[in-house]
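Visitor: Below you'll find the structure I mean.
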Amino acid sequence: MTTVEGFIERIVFHNEENGYTVLILVNDNFEYTLVGTFHYINEGEFLRASGNIIEHTVYGEQLAVESYEVSIPSDTIAVERYLGSGAIKGVGEALAARIVKKFKADTFRIIEEEPERLAEVKGISEKKAREIAEVMREKKDMREAMMFLQEYGISLNLAIKIYTEYGSKLYNVIKQNPYKIADDISGIGFKIADEIASKAGIVPDSDFRIKSGLLYTLLQAVGQGHIYLPKEVLLTSASELLVVEISEIEKHIMDMVMDKRLIVKETEEVTMIYASSYYYLELNCAKMLHDLNVEANISREKVSQKLDKIEDKTGIILDELQREAVMEAVNHGLLIITGGPGTGKTTTINAIIKYFEEENLQILMAAPTGRAAKRMTEATGYEAKTIHRLLELSGGSDDQSISPHRFEHNEENPLDTDIIIIDETSMVDINLMSSLLRAVAVGTRLILVGDINQLPSVGAGNVLSDIIKSKVFKVVMLTKIFRQASQSDIIVNAHKINNGDLVDLQKKSEDFLFIKRSGADAVVAAAITLIKEKLPQYVKAKPYEIQVITPMRKGAVGVERLNVILQEHLNPAAKDKLQVEQFGRIYREGDKVMQIKNNYQLEWEIVSRYGISIDKGLGVFNGDMGIIKTINVFAELLKVEFDEGKIVEYTFKQLEELEHAYAITVHKSQGSEYPAIIIPMLQGPKMLMNRNLIYTAVTRAKTCVCLLGEPNIFFDMVNNKTQQQRYSSLNKRIEELLFNWE
Numbered sequence: 193m194t195t196v197e198g199f200i201e202r203i204v205f206h207n208e209e210n211g212y213t214v215l216i217l218v219n220d221n222f223e224y225t226l227v228g229t230f231h232y233i234n235e236g237e238f239l240r241a242s243g244n245i246i247e248h249t250v251y252g253e254q255l256a257v258e259s260y261e262v263s264i265p266s267d268t269i270a271v272e273r274y275l276g277s278g279a280i281k282g283v284g285e286a287l288a289a290r291i292v293k294k295f296k297a298d299t300f301r302i303i304e305e306e307p308e309r310l311a312e313v314k315g316i317s318e319k320k321a322r323e324i325a326e327v328m329r330e331k332k333d334m335r336e337a338m339m340f341l342q343e344y345g346i347s348l349n350l351a352i353k354i355y356t357e358y359g360s361k362l363y364n365v366i367k368q369n370p371y372k373i374a375d376d377i378s379g380i381g382f383k384i385a386d387e388i389a390s391k392a393g394i395v396p397d398s399d400f401r402i403k404s405g406l407l408y409t410l411l412q413a414v415g416q417g418h419i420y421l422p423k424e425v426l427l428t429s430a431s432e433l434l435v436v437e438i439s440e441i442e443k444h445i446m447d448m449v450m451d452k453r454l455i456v457k458e459t460e461e462v463t464m465i466y467a468s469s470y471y472y473l474e475l476n477c478a479k480m481l482h483d484l485n486v487e488a489n490i491s492r493e494k495v496s497q498k499l500d501k502i503e504d505k506t507g508i509i510l511d512e513l514q515r516e517a518v519m520e521a522v523n524h525g526l527l528i529i530t531g532g533p534g535t536g537k538t539t540t541i542n543a544i545i546k547y548f549e550e551e552n553l554q555i556l557m558a559a560p561t562g563r564a565a566k567r568m569t570e571a572t573g574y575e576a577k578t579i580h581r582l583l584e585l586s587g588g589s590d591d592q593s594i595s596p597h598r599f600e601h602n603e604e605n606p607l608d609t610d611i612i613i614i615d616e617t618s619m620v621d622i623n624l625m626s627s628l629l630r631a632v633a634v635g636t637r638l639i640l641v642g643d644i645n646q647l648p649s650v651g652a653g654n655v656l657s658d659i660i661k662s663k664v665f666k667v668v669m670l671t672k673i674f675r676q677a678s679q680s681d682i683i684v685n686a687h688k689i690n691n692g693d694l695v696d697l698q699k700k701s702e703d704f705l706f707i708k709r710s711g712a713d714a715v716v717a718a719a720i721t722l723i724k725e726k727l728p729q730y731v732k733a734k735p736y737e738i739q740v741i742t743p744m745r746k747g748a749v750g751v752e753r754l755n756v757i758l759q760e761h762l763n764p765a766a767k768d769k770l771q772v773e774q775f776g777r778i779y780r781e782g783d784k785v786m787q788i789k790n791n792y793q794l795e796w797e798i799v800s801r802y803g804i805s806i807d808k809g810l811g812v813f814n815g816d817m818g819i820i821k822t823i824n825v826f827a828e829l830l831k832v833e834f835d836e837g838k839i840v841e842y843t844f845k846q847l848e849e850l851e852h853a854y855a856i857t858v859h860k861s862q863g864s865e866y867p868a869i870i871i872p873m874l875q876g877p878k879m880l881m882n883r884n885l886i887y888t889a890v891t892r893a894k895t896c897v898c899l900l901g902e903p904n905i906f907f908d909m910v911n912n913k914t915q916q917q918r919y920s921s922l923n924k925r926i927e928e929l930l931f932n933w934e
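This is the structure in structure tokens:
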């Protein structure tokens, strides 16, 4: 065992997650390289460390540290060097020299016990003296806290978050109720708190543990799309999580209601239990929707006459339901337009735009995703943005429990417009709808457009469906398939699927093909041939624009296996392509990738071909797709170009947010449209293999659908009307408010 001491001259490498550090220690002109786990240290601090000397093949002799302590240097030269190292903000070399000259070896005692005496030194005011003492105390307190938290297996990053939140109170929190950490600190969930509690000796049936487990179960359900859980489902799930009897859990529900952490609503059929924040999210949305539902009472005859002129002028021809939609848009503050593919939703939107343009009213248009906004722009000739860009995303939120981001537009700074049209509303979850509604001033017309037969949003809630289900607001349901659309087998068969009617897979169709194959390998081989050889020329698209959409993540034709195979065939390894392996995946220049979680802090930039920045912003969202442009192995950085030329830089640590997108799930395809899609048709979980899912998948294709596999699987999906139940209740909140007001 070798022991060395000296100053930390330089920290060469430091892993914030686990504390692993490489540093240079200097003493009497000797230089040591130390490697090991260090909790919270800075350059300039005085260190005493013990360990074993090892020989690194590249870096030579190193001390592998087994134990260490940060201590106060004893001689005056060492004291002066420490104070002047930059370890204490506002104290440089010159000031450090004056302090040590005045107090000599007694310097540190003076700073800790009599800090006011520092004002005796030229250049130090009483305020500066207090600041120096405070920094010294904080450094000591934080270091002790880091050491304490490390004993509980807490990573350095989390330890710093805990210390920042609680300061010296953290010792009581850890020993008495570690589950408080999960409530108070973003990024720390029940499971981390539970591990800490176990090490702290908290018993499994502790009140704190059970209450935290109940809330965790509800918030996990939110991640699966639910707003609430039926009492029986909640108790069963919490019992399985906590390994505690249901009878021991149920008694805590009313306590949590009294603490305003849970809301319980009862009906004749079910007892619904909510995390309070999500109950009020639905309730507030319901109230804002009611507030917007203002009637204008404009003469229908007058509107009809204007529509006649618009039809004559533009060549737009509206059927009875489309005319009704325009009438209601004029006369209602809130309107919902729904309908399947080919039923004229876009034509209706265009007519509404023309009408309000004639009235010299300002219109804003948006959709949940960049791809959907781009399609909306192309279809209307009117600029559409993502909802996030419309609301002007600006980073951190005041309430992290609901949303990790903040928008510039809200109730205090509403959108300055007369009409807002939102497309693909089925994709909008309760959080985003709440943010949108907060930014819509009463008197502004809001028109929500979408297909209620699509899959619900990836995020929590079933917003569009619940609004329609409430039967409180004006809804126009477009049902007629127009002549041009009726010539497309994609559209005709999508409606047959939705109605449960028989689809003729034997028909020689130009845009709806079923290719019989038996077994996963045969399906995969056929998909590769279609992407590389057959479809690009047929649909006039690049291979990367042709999308494989599959019902499942796991299995022989699941996303995970397909992406590995397709990567090797569509973007194989090459000498001129850099690649890196992270989180069990190989990321390669040229790979097609997708962001798999909302990240409101990631910065994007659009640059001209000369490298000049044109636009910048925040936020990359779940489902955004792009291409890996460059990989810098030395700087551990990777750049992805997303739609609209947005360039985003990822550190290698952030790559867990990216996965390959040669094949994607049906859920991830929502809001997008591709020239051609390929859908594997092999056996999968019954809850996934349903009508709603195959309908959504088919409607993602613009020019051609290719189904590969076994016909009976397709027919089974069409006949399977069961859907995974989503527990949401916006319709009930809307109905309650109407009943109370009446």
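The opening residue of the sequence shown carries number 193 in this note's numbering; numbering runs sequentially from there. For every residue, glycine included, the Cβ atom is placed at its ideal position computed from N, Cα and C.
1. May I ask which residues mark the beginning and end of the alpha helix (DSSP H) holding Asp447?
2. Once DSSP output is grouped into helix, strand and coil, what is the label at Arg777?
3. Considering only residues of the same chain and omitting the five flanking positions on each side of Val731, which have a CB-CB separation below 7 Å?
4. Classify Thr409 as buried or exposed, calling it buried when 16 or more other Cβ atoms lie within 10 Å of its own Cβ.
5. When you compare only the Cα positions, how much space is there between Ile683 and Asp504?
6. Could you please give me the residues that DSSP links to Glu694 through a beta bridge?
7. Taking His248 as part of the beta strand (DSSP E), name the residues at either end of that continuous run.
8. Could you give the C-beta distance for Phe571 and Ala565, rounded to a whole number, given that I count them as a contact under 8 Å?
9. Using the C-alpha atoms, what's the distance from Ser398 back to Glu440?
10. How close, in whole Å, do the beta carbons of Ala351 and Tyr371 come, if the pair is a contact with beta carbons under 8 Å?
11. Output yes or no for whether 9 Å exceeds the beta carbon distance between Val667 and Ala712.
12. Are the CB atoms of Arg273 and Gly315 nearer to each other than 9 Å?
13. What does the alpha-carbon distance come out to for the pair Thr857 and Gln771?
14. Pick out whichever of Glu461, Gly525 and Thr459 has its Cα sitting closest to the Cα of Ala488.
15. Classify Ile316 as helix, strand or coil using the three-state DSSP reduction.
16. If you count every other CB in all the chains shown that lies within 10 Å of the CB of Ala286, and 16 or more means buried, which is it?
17. Excluding five sequence neighbours on each side, which residues of the same chain lie with their C-beta closer than 8 Å to the C-beta of Tyr736?
18. Check the DSSP bridge columns for Ala559 and list the partner residues they point to.
19. Three or more beta-carbon pairs under 8 Å between the segment 647 to 663 and the segment 408 to 425, yes or no?
20. Give every residue of the same chain whose Cβ lies closer than 7 Å to the Cβ of Asp908, excluding the five residues on either side of it in the sequence, and list them in chain order.
21. Compute the distance between the beta-carbons of Ile544 and Ile612, then report whether it is under 9 Å.
22. Determine the direct distance from the alpha carbon of Thr636 to that of Gly837, and round the result to whole angstroms.
23. Please determine if the segment 912 to 930 and the segment 657 to 674 are in contact, where contact requires at least 3 C-beta pairs separated by less than 8 Å.
24. Please report the distance separating the alpha-carbon of Ile798 from that of Pro307.
25. Can Ile689 and Ile870 be called in contact, C-beta distance under 9 Å?
26. Label Leu694 either buried or exposed according to how many other C-beta atoms from any shown protein chain fall within 10 Å of its C-beta, with 16 as the threshold for buried.
27. If you drop the 5 nearest sequence neighbours on each side, which residues of the same chain put their C-beta closer than 7 Å to that of Asn814?
28. Excluding the 5 residues preceding and the 5 following Gln774 in the sequence, name in chain order all residues of the same chain whose CB lies nearer than 6 Å to its CB.
29. In angstroms with no decimal places, state the Cα-to-Cα distance between Val435 and Met879.
30. For Gln739, which three-state DSSP category applies?
31. Between which two residues does the alpha helix (DSSP H) carrying His859 extend?
32. Could you tell me the distance, in whole angstroms, from the CA atom of Ser618 to the CA atom of Pro648?
33. Are the Cβ atoms of Val715 and Pro872 separated by less than 9 Å?
34. For Phe222 and Ala337, I'd like the C-alpha separation in whole angstroms.
35. For Asp643, which residues in the same chain have their Cβ closer than 7 Å to its Cβ, ignoring the five residues on either side in sequence?
36. Please report how far the alpha carbon of Thr578 lies from the alpha carbon of Ile905, in whole angstroms.
Guide: So, from the listed chains and residues:
1. Translated into positions along the sequence shown, residue 447 becomes position 255. Per DSSP, Asp447 belongs to the alpha helix (DSSP H) from Ile445 to Met450.
2. Taking the sequence shown and counting its residues from 1, one reaches residue 777 at position 585. Reduced to three states, the DSSP call for Arg777 is strand.
3. On the sequence shown, position 539 is the one that residue 731 refers to. Contacts found: Pro867, Ala868, Thr895 and Cys896.
4. Within the sequence shown, the letter at position 217 stands for residue 409. Under this definition Thr409 is a buried residue.
5. The residue you call residue 683 lines up with position 491 of the sequence shown. The residue you call residue 504 lines up with position 312 of the sequence shown. Taking the straight line joining both Cα atoms gives about 28 Å.
6. What you label residue 694 is simply residue 502 of the sequence shown in a count that begins at 1. Correcting the residue identity first, residue 694 is Leu in this sequence and not Glu. DSSP lists no partner for Leu694.
7. Working through the sequence shown from its first residue, we reach residue 248 at position 56. Counting along the chain, the beta strand (DSSP E) containing His248 begins and ends at Phe238 to His248.
8. Translated into positions along the sequence shown, residue 571 becomes position 379. Translated into positions along the sequence shown, residue 565 becomes position 373. For clarity, residue 571 is Ala in the given sequence; the question names Phe instead. Contact flag wrong, Cβ pair sits at about 11 Å.
9. Here residue 440 refers to the residue found at position 248 when the sequence shown is read from its first residue. Here residue 398 refers to the residue found at position 206 when the sequence shown is read from its first residue. Roughly 10 Å between the two C-alpha positions.
10. Sequence index remark: in the sequence shown, residue 351 carries index 159 (1-based). Sequence index remark: in the sequence shown, residue 371 carries index 179 (1-based). Not a contact, Cβ separation roughly 17 Å.
11. Here residue 667 is taken as the residue at index 475 of the sequence shown, counted from 1. Here residue 712 is taken as the residue at index 520 of the sequence shown, counted from 1. No; because the gap between Cβ atoms is not below 9 Å, this pair is not in contact.
12. To locate residue 273, count along the sequence shown from 1; it is residue 81. To locate residue 315, count along the sequence shown from 1; it is residue 123. It is not a contact, given that the beta carbons lie outside the stated cut-off.
13. Locating residue 857 in the sequence shown gives position 665, where the first residue counts as 1. Locating residue 771 in the sequence shown gives position 579, where the first residue counts as 1. Thr857 and Gln771: Cα-Cα distance of roughly 25 Å.
14. The residue given as residue 488 occupies position 296 in the sequence shown. For Ala488, the nearest C-alpha among the options comes from Gly525.
15. For the purposes of this step, residue 316 is taken as residue 124 along the sequence shown, with counting starting at 1. Ile316 falls in the coil class under three-state DSSP.
16. Residue mapping note: residue 286 aligns to position 94 of the sequence shown, counting from 1. Classification for Ala286: exposed.
17. What you label residue 736 is simply residue 544 of the sequence shown in a count that begins at 1. For Tyr736, same chain residues with a beta-carbon under 8 Å away, outside a window of 5 residues either side, are Leu762, Lys784 and Ile819 in chain order.
18. The residue labelled residue 559 in the question sits at position 367 within the sequence shown. The partner list for Ala559 (beta bridge, DSSP) reads Thr578.
19. Segment contact: the segment 647 to 663 against the segment 408 to 425, three or more CB-CB distances shorter than 8 Å; contact assigned.
20. Along the sequence shown, read from residue 1 onward, the residue named residue 908 stands at position 716. Excluding positions up to five away in sequence, the list reads Met881.
21. If you number the sequence shown from 1, residue 544 lands on position 352. If you number the sequence shown from 1, residue 612 lands on position 420. Cβ atoms of Ile544 and Ile612: not closer than 9 Å.
22. Locating residue 837 in the sequence shown gives position 645, where the first residue counts as 1. Locating residue 636 in the sequence shown gives position 444, where the first residue counts as 1. About 32 Å.
23. yes
24. Position 606 of the sequence shown, counting from 1, holds the residue named residue 798. Position 115 of the sequence shown, counting from 1, holds the residue named residue 307. Roughly 52 Å between the two C-alpha positions.
25. As a working note, residue 689 is residue 497 in the sequence shown. As a working note, residue 870 is residue 678 in the sequence shown. No, these two residues do not count as a Cβ contact at 9 Å.
26. Residue numbering aside, residue 694 sits at position 502 when the sequence shown is read from its first letter. Exposed, by the Cβ-count rule.
27. On the sequence shown, position 622 is the one that residue 814 refers to. Cβ neighbours of Asn814 beyond the five flanking positions: Val650, Gln787, Ile788, Lys789 and Asn790.
28. One-based indexing of the sequence shown puts residue 774 at position 582. Only Phe844 and Leu847 meet the Cβ criterion.
29. Stepping through the sequence shown from its first residue, residue 435 is reached at position 243. Stepping through the sequence shown from its first residue, residue 879 is reached at position 687. Answer to the nearest angstrom: the Cα atoms are 27 Å apart.
30. Residue mapping note: residue 739 aligns to position 547 of the sequence shown, counting from 1. The answer is strand: DSSP assigns Gln739 an E or B state.
31. By one-based count along the sequence shown, residue 859 stands at place 667. Its alpha helix (DSSP H) spans residues Val858 to Ser861.
32. Translated into the one-based positions of the sequence shown, residue 618 becomes position 426. Translated into the one-based positions of the sequence shown, residue 648 becomes position 456. The alpha-carbon atoms of Ser618 and Pro648 are separated by roughly 6 Å.
33. On the sequence shown, residue 715 is found 523 positions in, with the first residue counted as 1. On the sequence shown, residue 872 is found 680 positions in, with the first residue counted as 1. Yes, the Cβ-Cβ distance between Val715 and Pro872 is below 9 Å.
34. Along the sequence shown, one-based indexing puts residue 222 at 30. Along the sequence shown, one-based indexing puts residue 337 at 145. If you take the alpha carbons of Phe222 and Ala337, they lie about 31 Å apart.
35. Numbered from 1 along the sequence shown, position 451 holds the residue referred to as residue 643. Cβ within range, chain order: Thr530, Gly531, Gly532 and Ser618.
36. Working through the sequence shown from its first residue, we reach residue 578 at position 386. Working through the sequence shown from its first residue, we reach residue 905 at position 713. In a straight line, the C-alpha of Thr578 is about 36 Å away from that of Ile905.
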